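> Just so we're on the same page, our numbering is the position in the sequence shown counted from 1, plus 91.
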Amino acid sequence: MKRIVFVLLAVLMSSLAFAQFDMQTRCRDLAAAKGLNTTPTWVPIATPFVANDINGNEVDLGAILASGKCVVIDYSCTWCGPCWTLHTSGVLEAINEMEDVQVIWVEVESSNTTAQIYGPAGGSTYADATQGNWTLDANGNPITYPIIDDDANRTCLSTCMSLYEGSVPSVYFISPTGYFCDIYGVDYGIYSFDPNAVVANIQQLVNSYPRSGVAPAASINAANSILVGTAADFTAQYISVDPVSSISWTFQNGTPATATGANATCTWNTPGTYTVTLEVTNDNGTATVTKNVEVFEMDGMNPTYYTGGEPESSIGTQSARPLWWGIMIPANVLPAGKYMQSVELYVGSSYSGNYTLKLYQGGTTAPQSSIYSREQSLTVRDAFQTINVSGSVAVDNTKSLWIVFNTQNLSYPIFYVENTDPNSDFLSLDGSTWEHAADEGFNSTWMIKGHLADSPNAGINNVENVTINMYPNPTTGILNINAENVKEVAVIDVDGKVVMTENSNVIDMTNLNNGVYFVRVMSAEGITISKIVKK
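#1: Just verifying my parser: in three-state terms, what is the DSSP assignment at A212?
#2: Assuming P135 and G269 make a contact with CB atoms under 8 Å, what is their CB distance in whole Å?
#3: Could you spell out the range, first to last residue, of the beta strand (DSSP E) harbouring V371?
#4: Is it true that the CB of F271 sits closer than 8 Å to the CB of V182?
#5: Please classify P237: is it buried, with 16 or more other beta-carbons within 10 angstroms of its beta-carbon, or exposed?
#6: Between the alpha carbons of I186 and T179, how many angstroms are there, rounded?
#7: Would you tell me roughly how many angstroms separate the C-alpha atoms of T455 and A348, rounded to the nearest one?
#8: How should D240 be labelled, buried or exposed, when 16 other C-beta atoms within 10 angstroms of its C-beta is the threshold for buried?
#9: Taking just the CA atoms, how far does V577 sit from P563?
#10: Would you kindly report the start and end of the unbroken alpha helix (DSSP H) that includes S564?
#11: Could you tell me the distance, in whole angstroms, from the CA atom of S253 to the CA atom of W525?
#12: Would you kindly check if the distance between the Cβ of G444 and the Cβ of T498 is under 8 Å?
#13: Alpha carbon to alpha carbon, what distance is there between C357 and I338?
#14: Assuming T326 contacts N354 (C-beta within less than 8 Å), just tell me the rounded distance between them.
#15: CA-CA distance, V290 and W170?
#16: Please report how far the alpha carbon of W416 lies from the alpha carbon of D324, in whole angstroms.
#17: Roughly how many angstroms separate the alpha carbons of I623 and V386, rounded to a whole number?
#18: Between the C-alpha atoms of L121 and P260, what's the straight-line distance to the nearest angstrom?
#19: In this structure, how does DSSP classify C174 when only helix, strand and coil are distinguished?
#20: Is R611 helix, strand or coil by DSSP?
#21: CA-CA distance, D521 and K625?
#22: By DSSP, does S106 sit in helix, in strand, or in coil?
#23: Find out if the Cβ-Cβ distance for the pair L469, Y451 is shorter than 8 Å.
#24: Would you check if there are 3 or more beta carbon pairs closer than 8 Å linking the region 298-317 to the region 139-153?
#25: Give the DSSP-derived three-state secondary structure of E575 in the structure shown.
#26: Please report the distance separating the alpha-carbon of I583 from that of I569.
#27: Just to confirm the assignment, what range does the alpha helix (DSSP H) spanning C247 have?
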């Protein structure tokens with residue numbers, strides 16, 4: 092699947108001259124990534140590279156690490172505006188002046204030429220595009236750290252490929268023990284272009300990287316929400332240079348109550364929130380971490396939760412394009428004999444408009460068989476909005492269930508951070524080829540809830556593009572609804588509160604305060620929401 096390019100205003104401005112070509116590698120602005128992580132994820136590097144810099148000098152990464160030095164390596168492209176901003180900020184020079192740290196800069200665009208590293212700025216294709224002379228700092232002084240033009244096989248990049256997400260700049264801190272972490276756009280690394288602040292962060296990493304003689308660092312990988320009676324998998328993620336002597340689990344009110352080993356499974360038979368404790372021990376001490384898991388019942392009105400925390404940010408502005416995103420609910424968490432009753436979607440402050448809801452069954456990496464479709468205008472902002480699923484839409488609990496949304500002219504919705512559910516962040520450009528938001532560098536969960544019921548929503552047809560005429564608008568009180576077999580009318584204020592309900596084609600809003608309202612009508616023709624002005 093062709094990568095989705097998330098480019099904020101700063102990136103667009105700095106890359107304006109190169110907007111006509113299709114970037115094979117995405118570029119990211121610091122502001123888009125800042126603050127998403129507070130602790131590093133340490134991963135062992137692959138084979139340390141040996142390469143010549145642009146002056147013909149050998150750069151042996153393994154030898155540098157063996158000497159006891161840490162390495163900060165910046166993978167960039169000469170055409171990349173954010174890369175140039177980092178290059179001219181003075182941050183890399185300040186890091187390179189640290190006693191125990193060596194900076195290495197690597198150009199990773201496979202179609203570039205070494206001439207692009209020397210500038211001058213300009214060009215309109217990968218063969219000649221560059222932001223300037225990368226061998227000089229912002230003051231025109233020669234760069235003192237090695238500059239490498241990576242080969243077509245990306246030999247240098249392969250060393251850190253396990254954390255590389257296809258974005259530049261990508262900057263990593265590599266410890267002498269062979270563990271590395273991403274430091275660009277994170278709180279513990281380069282989260283600003285203040286050289287002093289960044290150097291202080293790098294010094295903390297120099298003092299705390301995984302090494303012999305210290306206790307392990309550990310975390311728990313598991314779902315946040317678990318269905319009652321379903322076996323849940325737990326994985327211990329840990330870093331320890333010295334051998335680990337034991338890994339143990341404790342599951343509050345779970346079966347089993349305890350377990351050992353890096354992987355464990357537990358089942359809860361009673362709904363509630365329970366604490367899972369992991370202990371990882373080596374000769375230097377024990378790392379103890381906990382995680383709370385919600386155990387829930389799928390009993391009709393109880394939703395499948397794929398939400399958590401507070402809304403943080405949107406992940407891009409891909410306007411005027413078909414965009415799809417959704418969640419996949421595995422078959423093993425679906426009860427038998429249920430019908431889809433409704434779906435809720437959180438609509439942010441900038442994303443009101445027409446949304447198409449699609450339901451599918453089957454598939455683990457992409458939806459298969461369509462079972463329902465409806466377009467509805469969602470106009471109440473910064474709140475969950477409900478789309479009732481009309482007609483008899485039975486859910487087959489032997490197949491996965493996909494809840495998918497599409498917009499033509501809106502961006503992706505708000506996302507939640509700290510997601511651990513791999514089924515809740517699917518996205519697509521065309522509705523057929525899917526990937527995870529995590530593949531685009533985002534730790535995200537779509538804010539979607541699905542509600543099941545014991546019986547179908549009777550008397551309402553499965554209708555797409557429902558339009559119901561309401562008049563007069565504006566109204567001084569009486570509102571007429573031109574629809575057959577009205578089941579329910581709800582009047583909603585701008586705060587999302589239902590202020591009155593009726594089951595008639597004529598609504599008397601005389602006693603309501605003047606202002607803007609949203610009128611939701613459920614009828615034989617379907618469900619629609621319209622904005623009404625009360626004068």
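We treat Cβ as the ideally placed atom computed from N, Cα and C, and that holds for glycine. Keep in mind the model is a prediction, meaning the values are calculated, not measured.
The structure says:
#1: Coil at A212, not helix or strand.
#2: The distance from the Cβ of P135 to that of G269 is about 5 Å, consistent with a contact at the 8 Å cut-off.
#3: Segment 363-373, the beta strand (DSSP E) holding V371.
#4: Taking 8 Å as the cut-off, the beta carbon of V182 is found no closer than this to the beta carbon of F271.
#5: It is buried - the Cβ of P237 has at least 16 other Cβ atoms within 10 Å.
#6: Across the structure, I186 and T179 are spaced so that their CA atoms are roughly 13 Å apart.
#7: One C-alpha to the other measures close to 31 Å.
#8: D240 comes out buried.
#9: C-alpha separation (whole angstroms): 18 Å.
#10: The sequence as given places Asn at residue 564; Ser does not occur at that position. For N564, no alpha helix (DSSP H) run applies, since DSSP gives it neither H nor E.
#11: The straight-line gap from Cα to Cα measures roughly 21 Å.
#12: Between T498 and G444, the gap from beta carbon to beta carbon is short of 8 Å.
#13: Their backbone Cα atoms lie some 16 Å apart in a straight line.
#14: About 6 Å separates the beta carbon of T326 from that of N354, a gap short enough to meet the 8 Å contact definition.
#15: Roughly 26 Å separates the two Cα atoms.
#16: The C-alpha of W416 lies about 26 Å from the C-alpha of D324.
#17: Approximately 41 Å between the Cα atoms of the pair.
#18: When rounded, the distance between both Cα atoms is 9 Å.
#19: C174 falls in the helix class under three-state DSSP.
#20: Reduced to three states, the DSSP call for R611 is strand.
#21: CA-CA distance, D521 to K625, rounds to 40 Å.
#22: Residue placement at S106 cannot be trusted, given a pLDDT of 32 that sits under 50; what the coordinates show is reported in the next sentence. Three-state result, S106: coil.
#23: At least 8 Å separates the beta-carbon of L469 from that of Y451.
#24: Output reads no: the region 139-153 does not touch the region 298-317.
#25: Coil at E575, not helix or strand.
#26: Using only the alpha carbons, I get a separation of about 16 Å.
#27: Where C247 is concerned, the enclosing alpha helix (DSSP H) stretches over 246-249.
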